[in-house]
Each structure stands twice: as C-alpha cells, then as structure tokens.
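Heads up, the sequence shown is in numbering that gives the first Met the number 0, so the first residue is 0 and it goes up one at a time.
For every residue, glycine included, the Cβ atom is placed at its ideal position computed from N, Cα and C.
One structure below.
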Amino acid sequence: MSADLGDLQLVLAVARAKGFREAARLSGTSASRLSDAVRRAETALGIRLFHRTTRAVTLTEAGAALVARLAPAVEEVENALDAINGFRDRPAGTLRLNVPVSAARLILPSILPDFLKAYPEIRVEVTADSAATDTLAAGFDAGIRYDELLEQDMIAVPIGPREQRFALVASPDYLARHGTPAHPHDLLRHACIRGRFTNGNQAAWEFERGEESIRIDPTGPLTVSIGGGVDLGVEAALQGVGLIMIFEQWVQPYLDSGELVAVLEPWWLRFTGPYLYYSDRRLVPAPLRAFIDFIRDRG
C-alpha cells in the first residue's frame with residue numbers, strides 16, 4: 000500500500016514545523032487533521048515516522064530518511080504544477096505569505112484588495128506573526144521583512160513605503176500630568192510602554208538627530224508582545240498610561256485627531272521600508288510572479 004500524496008505533504012509540514020500545533024498555525028489547518036494525515040501515512044507505509052511526547056514531536060530515523068527524499072520531490076511536483084500555470088490566460092493557484100503583524104496592518108491593506116480584484120483566480124493565504132520564520136522551510140512562497148531580517152539566498156523586492164519612522168507618542172493627559180520630555184534621556188524618568196519580541200528580547204528605543212544617535216532602555220508599567228500585543232499598548236497610551244514608540248503609520252489617525260501627541264519628533268528614527276522576499280533556489284510560482292509584477296507596477 001502507498002501513502003496518499005496529500006497526506007505526505009502534511010507529513011512534510013509537520014516535519015518542517017517540528018510539531019503539530021505549529022504546523023497547523025503555519026498551514027492554516029487543524030492539528031487534528033495533521034495528526035490524522037500522519038497516522039494514515041504511517042499505516043499505509045507500515046512504519047513509524049515521528050516520535051511523539053507531550054513536549055516534542057521528532058522524526059524517527061525512517062521519518063528523517065523519508066523527509067530528506069520527500070521534500071525535493073514535493074517541491075518538484077509543485078514546480079511542475081506552477082509551470083502548467085504559465086499556459087493559462089490568467090494565473091491561478093494559491094499564494095502563501097508570511098508577514099509581520101505590522102505589514103498585515105500597514106502594508107497589505109493598500110495592496111491585496113486590488114491584487115485580488117485583478118487576479119480573481121488566485122487565492123492568498125497570509126500568516127501574520129512577529130517570529131523570524133524560515134519561510135521556505137515552513138512552506139510559504141514568500142515573506143515580508145525589513146532588510147536586517149532578510150535571509151541569505153533570497154531575492155528582495157521593495158513593497159510599501161520606502162521610508163518609515165518610529166514615532167514616540169503620548170496622550171495629552173499623560174503629558175499634562177508628567178510633563179513633556181525635552182531629550183531622549185528624559186524618558187528614563189517617564190512611564191514607557193515597551194515591546195518584547197517572541198524570542199524574549201526587549202526592543203530598545205533608538206533616536207537620531209543629525210550625527211547624534213542615542214539608544215536607551217526605559218522602564219514602565221506595561222510590556223506587550225511585538226505584533227499581537229501592540230494594539231493593547233496603543234490603547235494604554237490613549238488612556239494616559241505612558242509613552243509608546245511605534246510605527247508612525249500605526250498611530251497616524253490618533254495624531255490627526257489629537258488623541259495622541261508627537262513627542263521628540265526631531266529625534267524620530269527613520270528606516271528603510273520592507274521588502275517582499277522569496278527564494279532564488281526554486282521556480283517562482285505563477286501566483287507569486289503575478290504578485291511581484293503587481294507591486295513593481297505600482298512603484
């Protein structure tokens with residue numbers, strides 16, 4: 000008896016993610032569906048593919064041997080199907096993107112709706128997180144990252160605004176009660192709402208004015224996860240809990256309404272906008288090629 004190709008693809012997803020829960024999150028399916036697929040594949044092949052414990056899922060020796068041969072074979076099948084797409088009048092298929100939460104909120108809303116209208120036969124699956132996910136290993140077609148996080152052997156295409164700023168903001172109420180900082184070092188005496196990456200590192204606050212650069216590590220009553228917790232941090236700032244440093248575009252509506260006030264704006268750090276990146280080691284799928292051409296045409 001031979002295993003079903005669809006089940007083998009899900010086996011590969013579990014192996015890449017090193018667990019059912021993470022594979023389910025990345026692939027947009029359920030852990031139970033993945034578990035059933037692995038069980039069917041093991042039954043069909045007559046051999047155990049994974050060691051399962053309450054803490055970890057690891058490949059058996061046989062599973063590792065299968066995955067080593069299976070991964071390039073599945074990629075070749077996907078490339079063959081993508082090549083067929085080239086004969087269509089219009090590209091079709093699924094485009095899988097892994098992006099930071101900031102890109103899902105600030106970059107893609109101005110791009111994806113028009114893209115989907117232009118290419119009705121393409122489906123887009125977006126996974127938004129703040130982890131430095133290996134997009135190729137996790138089964139994504141492409142990702143969005145800022146230049147310092149770009150992986151090796153990747154092609155980068157500019158997407159979205161080419162310059163952004165980190166804004167330091169606070170509510171008028173907070174500033175009325177505690178005063179307005181006149182220099183970045185003054186923030187060490189203020190309540191600051193901080194962000195923490197998924198790896199546990201806390202993001203320092205950086206400032207630049209002319210040739211002067213300052214990096215500080217202020218304290219405060221609230222720390223939120225960078226990505227999913229940012230909206231909570233913004234709401235706390237709106238309620239006068241403290242100052243927050245965040246993408247300017249994220250809080251622009253509150254600056255326009257006066258609910259938040261710019262602080263130390265001459266010191267705000269400027270940085271290069273994000274990139275769409277994808278592997279240079281495989282055939283570019285037709286949906287991804289259409290997306291690349293679309294964002295390039297938009298300038």
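Distance between residue j and residue i (C-alpha atoms, nearest Å)
| i | j | result |
| --- | --- | --- |
| Arg188 | Ala103 | 34 Å |
| Val260 | Trp266 | 15 Å |
| Thr28 | Thr126 | 12 Å |
| Lys17 | Ala117 | 37 Å |
| Tyr277 | Gly178 | 47 Å |
| Gly226 | Ser34 | 29 Å |
| Phe114 | Phe290 | 7 Å |
| Pro90 | Pro284 | 9 Å |
| Ile46 | Pro252 | 57 Å |
| Gly62 | Gly142 | 28 Å |
| Arg39 | Ala72 | 20 Å |
| Asp255 | Thr218 | 27 Å |
| Met244 | Gly232 | 10 Å |
| Arg95 | Ala70 | 17 Å |
| Gly294 | Phe206 | Just to set this straight, residue 294 is Ile in the shown sequence, not Gly. C-alpha separation (whole angstroms): 31 Å. |
| Phe165 | Arg122 | 33 Å |
| Leu58 | Ala235 | 44 Å |
| Pro160 | Asp152 | 24 Å |
Per DSSP, the bridge partner or partners of residue i
| i | result |
| --- | --- |
| Gln201 | Arg195 |
| Leu167 | Met244 |
| Tyr276 | Gly142 and Ala155 |
| Leu221 | Ile192 |
| Arg122 | Thr93 |
| Ala70 | Looking at the DSSP assignment, Ala70 forms no beta bridge with any residue, so it has no partner. |
| Val37 | Note: Val37 sits in no beta bridge, so no partner. |
| Thr271 | Glu162 |
| His50 | Thr57 |
| Phe206 | Ile213 |
Where residue i falls, given that 16 or more other Cβ within 10 Å makes a residue buried
| i | result |
| --- | --- |
| Asp6 | buried |
| Asp140 | buried |
| Ala14 | buried |
| Ala203 | exposed |
| Val76 | exposed |
| Glu41 | buried |
| Leu4 | exposed |
| Gln201 | exposed |
| Gly194 | buried |
| Ala2 | buried |
| Gly138 | buried |
| Arg144 | buried |
| Thr271 | exposed |
| Pro273 | buried |
Assigned secondary structure, residue i (DSSP; H/G/I helix, E/B strand, else coil)
| i | result |
| --- | --- |
| Ala55 | coil |
| Glu162 | strand |
| Ile106 | coil |
| Gly92 | strand |
| Arg306 | Any property of residue 306 remains undetermined from this structure, which presents the chain solely from 0 to 298. |
| Ile213 | strand |
| Ala127 | strand |
| Val262 | coil |
| Val299 | The question about residue 299 has no answer, for the chain in this structure spans 0 to 298. |
| Ala181 | coil |
| Thr42 | helix |
| Gly239 | coil |
| Pro252 | helix |
| Ser1 | coil |
| Lys17 | coil |
| Asn283 | Note that residue 283 is Val in the sequence shown, not Asn. Three-state result, Val283: coil. |
| Asp113 | helix |
| Gly232 | helix |
Residue i Cβ short of 8 Å to the ligand SAH heavy atom set
| i | result |
| --- | --- |
| Leu94 | Ligands in the displayed structure: none, and consequently the ligand SAH is not present. |
For this session: Pair every Cβ in the region 215 to 231 with every Cβ in the region 155 to 173, then say whether three or more of these pairs are closer than 8 Å.
Result: Contact between the region 215 to 231 and the region 155 to 173 is absent: fewer than three C-beta pairs spanning the two stretches fall below 8 Å.
Exercise. For the region 122 to 137 against the region 95 to 110, are there 3 or more C-beta pairs whose distance is under 8 Å?
Worked result: Enough Cβ pairs lie closer than 8 Å, so yes.
Exercise. Looking at C-beta atoms only, is the number of pairs between the region 239 to 253 and the region 172 to 182 that lie closer than 8 Å three or more?
Worked result: Three or more pairs of CB atoms, one per stretch, sit closer than 8 Å, so the region 239 to 253 contacts the region 172 to 182.
For this session: Take every Cβ of the region 178 to 192, pair it with every Cβ of the region 151 to 161, and state whether three or more of those distances are shorter than 8 Å.
Result: Output reads no: the region 151 to 161 does not touch the region 178 to 192.
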